[in-house]
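Residue numbering for the sequence shown follows the numbering used here, starting at 465 and increasing by one per position.
Virtual Cβ for every residue (Gly too), placed ideally from N, Cα, C.
Quantities reported herein were computed from a predicted structural model and do not represent experimental measurements.
Here the structure comes first, spelled out in structure tokens, and everything after it is commentary.
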Amino acid sequence: MLLQVDIVTPQHLAYQAEAQSVTLPGAVGPFQVLINHAPIISALEIGAIKIIDADGHEHHFATNGGFAEVKKNVVSIVVETAEEASLIDVARAERSMEKAQQRLEHLTNLAERAAEKQAIARAANRIKVAAME
Numbered sequence: 465m466l467l468q469v470d471i472v473t474p475q476h477l478a479y480q481a482e483a484q485s486v487t488l489p490g491a492v493g494p495f496q497v498l499i500n501h502a503p504i505i506s507a508l509e510i511g512a513i514k515i516i517d518a519d520g521h522e523h524h525f526a527t528n529g530g531f532a533e534v535k536k537n538v539v540s541i542v543v544e545t546a547e548e549a550s551l552i553d554v555a556r557a558e559r560s561m562e563k564a565q566q567r568l569e570h571l572t573n574l575a576e577r578a579a580e581k582q583a584i585a586r587a588a589n590r591i592k593v594a595a596m597e
């Protein structure tokens with residue numbers, strides 16, 4: 465018996481397969497889902513999704529948040545973005561982080577500063593997840 469894992473973004477179905485386990489970036493910290501996990505709905509934060517597929521291979525995705533539902537060995541993950549580690553453009557992520565850091569230095573508005581800090585966190589996450597490949 466395995467988990468059925470689906471990762472859906474507004475743009476596409478990013479992943480759909482059976483898996484042994486899924487580790488998710490929950491709002492209060494990462495958590496792992498195994499076969500016969502109790503039903504749960506959880507908010508997800510910026511972080512890495514790690515899937516160990518039916519053959520034992522690892523798949524990593526960078527995400528910017530969303531939510532996950534676990535019910536009857538089905539893990540439904542709905543996120544803003546899901547970038548597979550092997551497809552992340554690290555140079556682009558580094559440029560994005562550098563630009564956001566430069567903009568942050570000159571901002572005084574709290575909302576604008578928070579937005580730039582989120583941009584930095586997203587770029588740093590993409591770089592970290594790319595290194596997992």
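Notebook entry, point to check: Hey, is Ile552's beta-carbon within less than 8 Å of any beta-carbon in chain D?
Noted result: Note that chain D does not occur in the displayed structure, where there is just one protein chain.
Check: Does the segment 573–589 come close enough to the segment 530–542 that 3 or more CB-CB pairs lie under 8 Å?
Finding: no
Note to self: For Pro503, count the other beta carbons within 10 Å of its own beta carbon; 16 or more makes it buried, fewer makes it exposed. Which is it?
What the structure shows: Numbered from 1 along the sequence shown, position 39 holds the residue referred to as residue 503. Looking at its Cβ environment, which holds fewer than 16 other Cβ atoms inside 10 Å, Pro503 is exposed.
Next item on the list: List the residues that DSSP assigns as beta-bridge partners of His523.
Entry: As a first step, residue 523 is located in the sequence shown; it is residue number 59 there, counting from the start. BP columns for His523 point to Ile515.
Checklist line | DSSP three-state assignment for Ile541, whether helix, strand or coil | finding: In the sequence shown, residue 541 corresponds to position 77, counting from 1. Strand.
Notebook entry, point to check: Hey, how far is the Cα of Lys514 from the Cα of Val472?
Noted result: For the purposes of this step, residue 514 is taken as residue 50 along the sequence shown, with counting starting at 1. For the purposes of this step, residue 472 is taken as residue 8 along the sequence shown, with counting starting at 1. One C-alpha to the other measures close to 15 Å.
Checklist line | Contact check, Arg586 vs Ile552, beta carbons under 8 Å | finding: Taking the sequence shown and counting its residues from 1, the one referred to as residue 586 is at position 122. Taking the sequence shown and counting its residues from 1, the one referred to as residue 552 is at position 88. Cβ distance not < 8 Å, so Arg586 and Ile552 don't count as in contact.
Check: Leu568 by DSSP, collapsed to three states: which one?
Finding: Within the sequence shown, the letter at position 104 stands for residue 568. If DSSP states are grouped into helix, strand and coil, Leu568 belongs with the helices.
Checklist line | Coil, strand or helix - Lys535 by DSSP | finding: In the sequence shown, counting from the first residue as 1, residue 535 sits at position 71. Reduced to three states, the DSSP call for Lys535 is strand.
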